[in-house]
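The next block holds one structure in the form of structure tokens; read it before the comments.
2 protein chains.
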Amino acid sequence: MTTESLPVLAILGGTGDLGTGLARRWAQAGYQVIIGSRTQEKADAAVSDLKEVMAERGVAEISVSAMENLAATEAADIVAITVPFSHQASTLELVKPALQGKILIDVTVPLVPPKVARVQLPEGGSAGQIAQELLGEEVAVVSAFQNVAAAHLQEGSNLDCDVLVCGNKKAARQEVITLIEAAGMRGFHAGMINNAAAAEALTSVLIVINKQYNCHAGIRITGLDDD
Amino acid sequence: MTTESLPVLAILGGTGDLGTGLARRWAQAGYQVIIGSRTQEKADAAVSDLKEVMAERGVAEISVSAMENLAATEAADIVAITVPFSHQASTLELVKPALQGKILIDVTVPLVPPKVARVQLPEGGSAGQIAQELLGEEVAVVSAFQNVAAAHLQEGSNLDCDVLVCGNKKAARQEVITLIEAAGMRGFHAGMINNAAAAEALTSVLIVINKQYNCHAGIRITGLDDD
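Those protein sequences? They're chains A and B, same order as listed. So in our numbering, the last one in the first sequence is 227, and the numbering has no gaps at all. So in our numbering, the last one in the second sequence is 1227, and the numbering has no gaps at all.
Given below as structure tokens:
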């Protein structure tokens, strides 16, 4: 598999549960993946783990590397941020200069611990809007992956979950939908960045459901094939 | 089928698309249904239509009646409100005295025309929270049905759509889930009334998807049967 024509992907906060899951899916799909972290050591450890898991799955050739968040952003074509909400703004401030002209995939969910099962959307409406506001119009912020269970992403098996994709630029949303499909899911154009509020709020609902059913719930869009 | 042990249901704004759909489903399931409207004439017309549709479906015996909104509320055990967001507060103010001690099913979606495909949640967080705040603690507000296509509800066929059920009282949510199941769908406890924001915001996302696919989309919860 060649990675020549594929964009280089950086995952900021790539050492966390969701970042780890996305890294596995995209590396396995043949993308060049850079794990970004606040420290080189943590990024290195995540890459070692990633290589081990890929070897266990019999995936021979992957292209992965470890960098600090800013260097990872500079080296990538498309950047995903998967840090906790409390670190979203500071991380984006750090990498902002290196993001200009690129797509930022914002995976942030504005949970407010300890009441993570309660919808508590931020002043700015949603984490996605906060990111777009902070980064300015030269960065195409695309909100995605808020409703995918990290545990399922990390597994190699099929995913029974759709992804809502919000952002102000259609072409950028489409590029992210391609990455979602590469990771084994369906992605849906879900409107402008304001609509990120829907997926972000839904995460707390899924947490409520997870507690009741002792599961990792997701959603699927239904009714697509009627008139 | 007997209606003796079943609660009497009123549907305020029962002449609209969603109210019509709920009335058909519940009447067909054997519930006594009161169509409420701002005028007796409109309620009467809706009941005539309902009887006609039930007759076409071969449903012999239904128990339906028409009243103005306040009288409908007084006569019912459980009340659903399906009016546009712009009429939610005034309708609830009108019927508030008759709602004390009862369950209000709030089906309101806070869409802001003309941009209904854009999430624009209200100051109070959600229409559900606005209703609970306005009605006080003696009314159990339960938010539901925001993500069900009225067109599908009106049909007699199977529904491929789940319903998120939010409210501060678990017993009240459970009663609404029973009504959802009677209407042919699955209902999920989705948290306190704050979480109504998730389902309400999701409606705009589904409107975006409907436009792309020329369909009436809904959602299903997935991943319930894993560990």
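For glycine and all other residues, C-beta sits at the position ideal for the given N, C-alpha and C.
Whole-angstrom C-beta distance between Ala1029/B and Ala1182/B, which should lie under 8 angstroms: Looking up residue 1182/B in the second sequence gives position 182. Looking up residue 1029/B in the second sequence gives position 29. Confirmed, Cβ separation roughly 4 angstroms.
Alpha-carbon spacing of Asp1044/B relative to Ser1065/B, whole angstroms: Position 44 of the second sequence holds residue 1044/B. Position 65 of the second sequence holds residue 1065/B. C-alpha separation (whole angstroms): 8 angstroms.
For Cys166/A, the residue or residues it bridges with in DSSP: For the purposes of this step, residue 166/A is taken as residue 166 along the first sequence, with counting starting at 1. DSSP lists Ser143/A as partners of Cys166/A.
9 angstroms Cβ cutoff met for Gly1128/B and Asn1194/B: One-based indexing of the second sequence puts residue 1128/B at position 128. One-based indexing of the second sequence puts residue 1194/B at position 194. A contact, by the Cβ cut-off of 9 angstroms.
Complete runs of the alpha helix (DSSP H) confined to the stretch 1093-1126 of chain B [at least 4 residues]: none
Minimum Cβ-Cβ distance from Arg57/A to chain B less than 9 angstroms: Numbered from 1 along the first sequence, position 57 holds the residue referred to as residue 57/A. No, its Cβ sits nowhere closer than 9 angstroms to a Cβ of chain B.
Residue range of the beta strand (DSSP E) that includes Leu1009/B: By 1-based counting over the second sequence, the position of residue 1009/B is 9. Leu1009 to Leu1012 is the span of the beta strand (DSSP E), which, as asked, contains Leu1009/B.
Chain A contact for Asp1225/B (CB, 9 angstroms cutoff): The count along the second sequence starts at 1 and reaches residue 1225/B at position 225. For Asp1225/B, the closest Cβ of chain A is nearer than 9 angstroms.
Residue-level contact to chain B via CB, Thr222/A, 9 angstroms cutoff: One-based indexing of the first sequence puts residue 222/A at position 222. Judged by the 9 angstroms Cβ criterion, Thr222/A is in contact with chain B.
Helix, strand or coil at Arg1057/B according to DSSP, with G and I counted as helix: Along the second sequence, read from residue 1 onward, the residue named residue 1057/B stands at position 57. Of the three classes helix, strand and coil, the one that applies to Arg1057/B here is coil, per DSSP.
Within the stretch 1186-1217 of chain B, ranges of the beta strand (DSSP E) (whole runs, at least 3 residues): Within the stretch 1186-1217 of chain B, the complete beta strand (DSSP E) runs of at least 3 residues are 1186-1189.
Selection from Val1139/B, Gly1058/B, Gln1154/B and Asp1049/B that minimises the alpha carbon distance to Val1095/B: Taking the second sequence and counting its residues from 1, the one referred to as residue 1095/B is at position 95. Ranking Val1139/B, Gly1058/B, Gln1154/B and Asp1049/B by Cα distance to Val1095/B puts Val1139/B first.
Stretch-stretch touch, CB-based, cutoff 8 angstroms, three pairs: the stretch 71-84 of chain A with the stretch 94-110 of chain A: yes
Span of the alpha helix (DSSP H) around Ala1072/B: Numbered from its first residue, the second sequence carries residue 1072/B at position 72. Its alpha helix (DSSP H) spans residues Asn1069 to Ala1075.
Nonlocal neighbours in the same chain, by C-beta distance under 6 angstroms from Thr1108/B, ignoring five residues either side: Within the second sequence, the letter at position 108 stands for residue 1108/B. Hits under 6 angstroms: Phe1085, Gln1088 and Ala1127.
Beta carbon proximity, Phe1145/B to chain A, threshold 9 angstroms: For the purposes of this step, residue 1145/B is identified with residue 145 of the second sequence, where counting begins at 1. Not an interface residue.
Whole-angstrom C-beta distance between Leu1179/B and Trp1026/B, which should lie under 8 angstroms: Within the second sequence, the letter at position 26 stands for residue 1026/B. Within the second sequence, the letter at position 179 stands for residue 1179/B. 7 angstroms between Cβ atoms; contact.
Under the three-state DSSP convention, the category Ile1223/B falls into: On the second sequence, residue 1223/B is found 223 positions in, with the first residue counted as 1. Ile is not the amino acid found at residue 1223/B; the sequence shown has Gly there. Three-state DSSP puts Gly1223/B in coil, outside helix and strand.
Per-residue burial, Arg173/A [other beta carbons within 10 Å of its own, 16 or more giving buried]: If you number the first sequence from 1, residue 173/A lands on position 173. With 16 or more Cβ atoms within 10 Å of its Cβ, Arg173/A is classed as buried.
Check whether Arg186/A and Val208/A have beta carbons under 9 angstroms apart: What you label residue 186/A is simply residue 186 of the first sequence in a count that begins at 1. What you label residue 208/A is simply residue 208 of the first sequence in a count that begins at 1. No, the Cβ-Cβ distance between Arg186/A and Val208/A is not below 9 angstroms.
Glu1200/B versus Gly1136/B - alpha carbon distance: Position 200 of the second sequence holds residue 1200/B. Position 136 of the second sequence holds residue 1136/B. Rounded to whole angstroms, Glu1200/B to Gly1136/B spans 21 angstroms at the Cα level.
Ile1177/B at chain A interface by Cβ criterion, 9 angstroms: Mapped onto the second sequence, residue 1177/B falls at position 177. By this cut-off, Ile1177/B is not an interface position.
Interface positions of the stretch 1064-1088 of chain B facing chain A (Cβ-Cβ less than 7 angstroms), listed along the chain: none
Of the residues Ile177/A, Gly13/A and Tyr31/A, the one placed nearest Thr39/A, counting alpha carbons only: As a first step, residue 39/A must be located in the first sequence, where it is residue number 39. Of Ile177/A, Gly13/A and Tyr31/A, the residue nearest in Cα terms is Gly13/A.
Within chain A, the residues that Arg1118/B reaches when beta carbons sit closer than 8 angstroms: In the second sequence, counting from the first residue as 1, residue 1118/B sits at position 118. Within 8 angstroms Cβ-Cβ: Gly191, Met192, Asn194 and Asn195.
Beta-carbon proximity of Asn1147/B to Thr1203/B, cut-off 9 angstroms: Within the second sequence, the letter at position 147 stands for residue 1147/B. Within the second sequence, the letter at position 203 stands for residue 1203/B. For Asn1147/B and Thr1203/B, yes; Cβs fall inside 9 angstroms.
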